[in-house]
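So for the sequence shown, full-length UniProt numbering puts the first residue at 1; every next one is plus one. Ideal Cβ positions, reconstructed from N, Cα and C, are used throughout, including at glycine. Reviewing the structure listed below.
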Amino acid sequence: MIAESLASSGITPAVIGGYLEFLASHSTQITQLIVEHLVITLLTIGIALPMGVLLGTFISLYEWAATPILWFAGIMQTIPSIALFGLLIPFLGIGSPPVIISLVLYSQLPIVRNTHIGLTQVDEAAIEAGRGLGMGRLSRLRRVQIPLALPVVMAGVRNAVVIIVGIAAIGAFIGAGGLGDYLFQGIRERNVDMIVVTTVILSALALALDYGFGLSERLLRARNGEEIQSTRLTRIFQQVIA
Numbered sequence: 001m002i003a004e005s006l007a008s009s010g011i012t013p014a015v016i017g018g019y020l021e022f023l024a025s026h027s028t029q030i031t032q033l034i035v036e037h038l039v040i041t042l043l044t045i046g047i048a049l050p051m052g053v054l055l056g057t058f059i060s061l062y063e064w065a066a067t068p069i070l071w072f073a074g075i076m077q078t079i080p081s082i083a084l085f086g087l088l089i090p091f092l093g094i095g096s097p098p099v100i101i102s103l104v105l106y107s108q109l110p111i112v113r114n115t116h117i118g119l120t121q122v123d124e125a126a127i128e129a130g131r132g133l134g135m136g137r138l139s140r141l142r143r144v145q146i147p148l149a150l151p152v153v154m155a156g157v158r159n160a161v162v163i164i165v166g167i168a169a170i171g172a173f174i175g176a177g178g179l180g181d182y183l184f185q186g187i188r189e190r191n192v193d194m195i196v197v198t199t200v201i202l203s204a205l206a207l208a209l210d211y212g213f214g215l216s217e218r219l220l221r222a223r224n225g226e227e228i229q230s231t232r233l234t235r236i237f238q239q240v241i242a
């Protein structure tokens, strides 16, 4: 059934063989581009995560700031990536810096929003227990609210990572490198093998990172006493952590 469906769509063993042959013959360049893409992604997360958590924590403490900050973060996601790159090029030049700053801005909404939601939805009984133990506001935030909110924050990070991996590919348009180089080259040369292989690798990279952060989210929920669907991998990680 699957073979018939693939054949009817034009994906024959010969076509798949062509993709695999292209992958094998360009493995060195593709590996280098994957590393470049991962570096851009990890640098962005390294900046965006603490920035988003700080902003989310701030608006959970001062609700009057929630509306304007979330509004601004939402507006940033409506700006086309090429336009935002163009706005930053006069200040940061061509290459990875304007792309990383743009990606940080694009990724703020899910991180800030989920941090705010996670902190404001912590069980009031847990907060009262901390208050009863003599904890101040900041101490309760650090020792009670943030640990309990981490699974929700991680869910926001998962969304942000998928956004980052996708938009980082467009960054190759202004010389940032990464898998977008092959994608745009394939479009210019009308090289279907290059386009398809690069697209599949980009999708696999996004799915792998999403799965990794999803696993972290499930482990954090298990640590907080929530019931999760147990898998062999989560059980292994739980045993390692324990």
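What does the Cβ neighbour count give for Phe85, buried or exposed, with the cut at 16 atoms within 10 Å? One-based indexing of the sequence shown puts residue 85 at position 85. Buried.
C-beta contact flag for Ile79 and Gly171 at 8 Å: For the purposes of this step, residue 79 is identified with residue 79 of the sequence shown, where counting begins at 1. For the purposes of this step, residue 171 is identified with residue 171 of the sequence shown, where counting begins at 1. The answer is no: Cβ separation not under 8 Å.
Based on Cα-Cα distance, which residue from Arg221, Tyr182, Gly214, Asp210 lies nearest to Thr31? Position 31 of the sequence shown, counting from 1, holds the residue named residue 31. Of the listed residues, the one whose Cα sits closest to Thr31 is Tyr182.
Do you know whose CA, among Asn114, Ile34, Leu49, lies nearest Ser60's CA? The sequence position of residue 60 within the sequence shown is 60, counting from 1. Ranking Asn114, Ile34, Leu49 by Cα distance to Ser60 puts Asn114 first.
Using only alpha-carbon positions, find the residue among Ile34, Phe22, Leu54 that is nearest to Ile146. Taking the first residue of the sequence shown as 1, we reach residue 146 at position 146. Out of Ile34, Phe22, Leu54, Leu54 has the C-alpha closest to the C-alpha of Ile146.
Classification of Ile163 by the beta-carbon crowding that lies within 10 angstroms, buried from 16 upward: Along the sequence shown, one-based indexing puts residue 163 at 163. Ile163 comes out buried.
What is the rounded straight-line gap between the Cα of Ala126 and the Cα of Ser96? The sequence position of residue 126 within the sequence shown is 126, counting from 1. The sequence position of residue 96 within the sequence shown is 96, counting from 1. C-alpha separation (whole angstroms): 44 Å.
Helix, strand or coil for Gly17, going by three-state DSSP, please let me know. Indexing the sequence shown from 1 puts residue 17 at position 17. In the three-state scheme derived from DSSP, where H, G and I count as helix and E and B as strand, Gly17 is classed as helix.
Going by DSSP in three states, Leu133 sits in which element: helix, strand or coil? By one-based count along the sequence shown, residue 133 stands at place 133. Here Leu133 sits in coil by DSSP.
CA-to-CA distance, Glu128 to Ala208, given in whole angstroms: As a working note, residue 208 is residue 208 in the sequence shown. As a working note, residue 128 is residue 128 in the sequence shown. Rounded to the nearest angstrom, the two C-alpha atoms are 39 Å apart.
Near Thr44, which residues of its chain fall below 7 Å by C-beta distance, leaving aside the five closest residues on each side in sequence? The count along the sequence shown starts at 1 and reaches residue 44 at position 44. Closer than 7 Å at the Cβ level, and outside the excluded window around Thr44, lie Ile100, Leu103, Val104, Ser107, Ile164.
Entirely enclosed alpha helix (DSSP H) segments - the stretch 100-151, minimum 4 residues: Runs of the alpha helix (DSSP H) spanning 4 or more residues and lying entirely within the stretch 100-151 occur at 108-120, 124-132, 137-140, in chain order.
Any 3 or more C-beta pairs closer than 8 Å across the stretch 19-27 and the stretch 188-204: Contact between the stretch 19-27 and the stretch 188-204 is present, because at least three Cβ pairs lie under 8 Å.
Below 7 Å CB to CB, which residues in the same chain sit around Gly214 once its five sequence neighbours on both sides are set aside? Reading the sequence shown from its first residue, position 214 is the one you call residue 214. For Gly214, same chain residues with a beta-carbon under 7 Å away, outside a window of 5 residues either side, are Arg158 in chain order.
Residue from Ile75, Ile117, Gly74, Ile187 with nearest C-alpha to Met154: Mapped onto the sequence shown, residue 154 falls at position 154. Closest option to Met154, Cα to Cα, is Ile117.
Cα-Cα separation, Ser139 to Gly18: The count along the sequence shown starts at 1 and reaches residue 139 at position 139. The count along the sequence shown starts at 1 and reaches residue 18 at position 18. Roughly 59 Å between the two C-alpha positions.
Would you report the Cα separation of Met194 and Leu87, rounded to the nearest angstrom? Stepping through the sequence shown from its first residue, residue 194 is reached at position 194. Stepping through the sequence shown from its first residue, residue 87 is reached at position 87. Using only the alpha carbons, I get a separation of about 30 Å.
Contact check, His37 vs Ala168 under 8 Å by CB: the rounded distance? For the purposes of this step, residue 37 is taken as residue 37 along the sequence shown, with counting starting at 1. For the purposes of this step, residue 168 is taken as residue 168 along the sequence shown, with counting starting at 1. 6 Å between Cβ atoms; contact.
Tyr182 (DSSP reduced to helix, strand or coil): Residue mapping note: residue 182 aligns to position 182 of the sequence shown, counting from 1. In this structure, Tyr182 counts as helix in the three-state DSSP scheme.
Since I believe Leu219 is in contact with Ile34 (beta carbons under 8 Å), could you give me their beta-carbon distance rounded to a whole number of angstroms? Counted from its first residue, the sequence shown places residue 34 at position 34. Counted from its first residue, the sequence shown places residue 219 at position 219. That pair is no contact at about 26 Å.
Is Val192 buried or exposed, if buried means 16 or more other CB atoms sit within 10 Å of its CB? One-based indexing of the sequence shown puts residue 192 at position 192. It is exposed - the Cβ of Val192 has fewer than 16 other Cβ atoms within 10 Å.
Taking C-beta to C-beta, are Ile174 and Ile69 nearer than 8 Å? The residue given as residue 174 occupies position 174 in the sequence shown. The residue given as residue 69 occupies position 69 in the sequence shown. Their beta carbons are not under 8 Å apart, which means Ile174 does not touch Ile69 by this criterion.
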